[in-house]
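Here is the structure we will look at.
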Amino acid sequence: MNDQTSEAPAADPMAEMHASLRPYSGKLDVHTNLPSHGLPRDQVLAEIEEMAAAERDRWQSGHSSGAVYQGDSEHIDFLNRVYALQSQNNPLHLDIWPSGSKFEAEIVAMTAAMLNSAKAGCEIVGTVSSGGTESIMLAMKAYRDRGIERDGFDRPRVVAPASAHVAFDKAAQYFQIDLVRVPVGDDWRADVQAMAAQINDQTVALVGSAPGFPHGMIDPIEELAALAHERGIGMHVDGCLGGFVLPWAEKLGYEVPPFDFRLPGVTSMSCDTHKFGYAAKGTSVVLYRDPELLHHQFFTATEWPGGIYCSPTFAGSRPGGLSAACWAALVSIGEEGYMRATKAILESAAAIKAGIGEIDELEVIGDPLFCVAFRATGDDLDIYRVMDAMSERGWSLNGLHHPQAVHICVTLRQTQPGVADRFTADLRESIAEVKDEPAKEGGMAPLYGMAATLPEREMVSSFLKFYMDMWFKP
Ligand SMILES: Cc1ncc(COP(=O)(O)O)c(C=O)c1O
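Taking our numbering, the leading residue of the sequence shown gets 651, the next gets one more, and so forth.
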């Protein structure tokens, strides 16, 4: 048993963090060695059910930003049945499971069709990956390798707005890409002129988001794609968050600027099935206009003693069961189901946006469709303390910085009756509480405060590494 953390002093942020990672200390056994004899399956299931039950309400009730995008019990049971039927499926062994190829090829085709592949004037190709980060990293690796192998570049460059997902930084770090981050404009969208000024002779691609994670704003993809086309470079549209929302929003009559393969300059896209595609966690799609660019993503080995080998993404063995469940989500929901879901989400998001707009102390950042960021209108209100007060009321919101703000990404969970109203009522109460009370110890506010003020960014990074050390220590 490891229950030291429950006695940690509340004011120590690391101790508090460890306690938050180990709420089951003292309640459930801690295994640091394999049990000498396997535990009875009933006991194992009971422990897992205990944790699932303790965690269920937070995401099911609609209090969590993003995280669970569908969450209806019948839908989850259906996906679980599909997974159970295909849990052994590994697309590395297509001779045993040709179904793995069928599922993945059709997921790619359906996603590409949704993103207007028919109007691209060529076949759109791609693969299934494990999530948005992998899709982005695969695309960045493909551009980098093409830059090196075809164009002879030494240090391929990618130009992205500051608001593009951090996965682009991860790709730059892993693959030694020269990533240039360009501040967004006053409208919180990519600044096309400023990005144009950063294109040099080693530039392989521009990036735009539809929409971006922080403020939910859709970048001027049409202009960025035209710029990329004119300069003869690639343009990656990150549709991880919006890929399964914007096509339906457009059909519903919302104002959605063109963002997909209709634009000749768009050469690749990432689009997450495990977000608004309503699949189980662990799948995403990366798409390319040019099959040769996809080939720079692929790995092949012809001389390995283990045989001739090929692998389309980063992993070797892959969970074909997740692809089966993803395929099942897409075909069981269909266009009509996605339209209905999108309508409900956009209406709830509009209600939440309007609710925030009526609170004097807050302002919505930009003009988002469904991922709504807000900040304090005056310096006298600490938005992170408001976020902490919301956490105490059961909410799990996302803290943002540069500028200090918080967002809620509206999913089907927030379309349940009463959730949008509860959100604004709790927000009003939280603001009143923060204004009335002196700063409390604990919570995220001191951590965000520290992260914002520490001049030495390496210290913030070390702190995060320490947190990840803790994550994997029982
Ligand atoms: C716009 C955007 N891109 C990429 C990602 C990364 O996706 P994942 O967390 O599945 O790796 C996210 C995640 O929220 C996102 O919002």
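C-beta: ideal position from N, C-alpha, C; glycine also.
Notebook entry, point to check: What's the gap between the Cα of Ala899 and the Cα of Pro685?
Noted result: 52 Å
Checklist line | At least 3 beta-carbon pairs within less than 8 Å: the segment 833-848 vs the segment 874-883 | finding: yes
Notebook entry, point to check: Arg831 and Pro870: beta carbons closer than 8 Å?
Noted result: no
Notebook entry, point to check: For Tyr824, which residues of its own chain have a beta-carbon under 7 Å away from its beta-carbon, when the five flanking residues on both sides are left out?
Noted result: Met787
Next item on the list: For Ser670, collect the residues of the same chain with a Cβ closer than 7 Å to its Cβ; drop the 5 residues on either side in sequence, then sort them by chain order.
Entry: none
Margin query: What does DSSP give as the partner residue(s) for Asn1048 in the beta ladder?
Written below: His1057
Note to self: Check whether chain C comes within 8 Å of Phe926, counting only Cβ atoms and requiring the distance to be less than that.
What the structure shows: This model lacks chain C altogether; it includes just one protein chain.
Next item on the list: Report yes or no: do three or more beta-carbon pairs, one from the segment 809-827 and one from the segment 926-937, lie closer than 8 Å?
Entry: no
Next item on the list: Tell me, please, which residues DSSP counts as bridged to Ser751.
Entry: Ser751 pairs with nothing; no bridge assigned.
Notebook entry, point to check: Quick one: what's got a C-beta closer than 6 Å to Leu1012's C-beta in the same chain, skipping five residues either side?
Noted result: Ile1006, Phe1024
Check: Excluding five sequence neighbours on each side, which residues of the same chain lie with their C-beta closer than 6 Å to the C-beta of Val732?
Finding: Ala974, Ala975, Ala978
Next item on the list: Could you tell me which residues DSSP puts in a beta bridge with Val832?
Entry: Pro811
Notebook entry, point to check: Unbroken beta strand (DSSP E) runs of length 3 or more, entirely within the segment 849-884: which are they?
Noted result: 853-859
Next item on the list: Give a yes or no on contact between the segment 949-961 and the segment 751-760, applying the rule of three or more CB pairs nearer than 8 Å.
Entry: no
Notebook entry, point to check: Measuring CA to CA, which of Arg939, Val680, Met701 is closest to Ala768?
Noted result: Arg939
Next item on the list: On the DSSP bridge assignment, give the partners of Cys1021 in chain order.
Entry: Cys1059
Next item on the list: For Tyr988, name the three-state secondary structure that DSSP assigns.
Entry: helix
Notebook entry, point to check: Within 10 angstroms of its Cβ, does Arg1107 collect 16 or more other Cβ (buried), or is it exposed?
Noted result: exposed
Notebook entry, point to check: For Leu689, is the classification buried or exposed, using 16 other Cβ atoms within 10 angstroms of its Cβ as the cut-off for buried?
Noted result: exposed
Next item on the list: For Cys1059, count neighbouring Cβ atoms within 10 angstroms of its own Cβ and tell me buried if that reaches 16, exposed if not.
Entry: buried
Next item on the list: Taking all protein chains shown into account, decide if Cys1021 is buried (16 or more other Cβ within 10 angstroms of its Cβ) or exposed.
Entry: buried
Note to self: Below 7 Å, is the gap between the Cβ of Leu891 and the nearest heavy atom of ligand 3?
What the structure shows: Within the structure as shown, ligand 3 is missing, the only ligands being ligand 1.
Item checked: CA-to-CA distance, Thr917 to Arg672, given in whole angstroms -> 44 Å
Note to self: Measuring straight from C-alpha to C-alpha, what distance separates Met701 and Gln693?
What the structure shows: 13 Å
Notebook entry, point to check: When we look at the beta-carbon of Gly716 and count the other beta-carbons within 10 Å, is it buried (16 or more) or exposed?
Noted result: buried
Checklist line | DSSP beta-bridge partners of His886 | finding: Val857, Ser918
Check: Can you name the start and end residues of the alpha helix (DSSP H) that Ser967 belongs to?
Finding: First-last for Ser967: undefined, no H or E at that position.
Note to self: Mapping the DSSP letters down to three states, classify Glu666 as helix, strand or coil.
What the structure shows: helix
Item checked: Val694 - DSSP class collapsed to helix/strand/coil -> helix
Item checked: Span of the beta strand (DSSP E), counted from its first residue to its last, around Ser961 -> 959-961
Notebook entry, point to check: Can we count Ile786 as close to ligand 1, meaning its CB is less than 7 Å from some heavy atom?
Noted result: yes
Item checked: Assigned secondary structure, Ser723 (DSSP; H/G/I helix, E/B strand, else coil) -> helix
Checklist line | Neighbourhood of Trp747 by C-beta distance below 6 Å, restricted to the same chain and skipping five residues each side | finding: Asn739, Gly970
Notebook entry, point to check: So is Ile757 buried or exposed if we call it buried at 16+ other beta carbons inside 10 Å?
Noted result: buried
Check: Candidates Ile827, Ala810, Ser785: which alpha carbon is nearest Asp804's?
Finding: Ile827
Next item on the list: Confirm, please, whether the CB-CB distance from Val775 to Leu944 is below 8 Å.
Entry: yes
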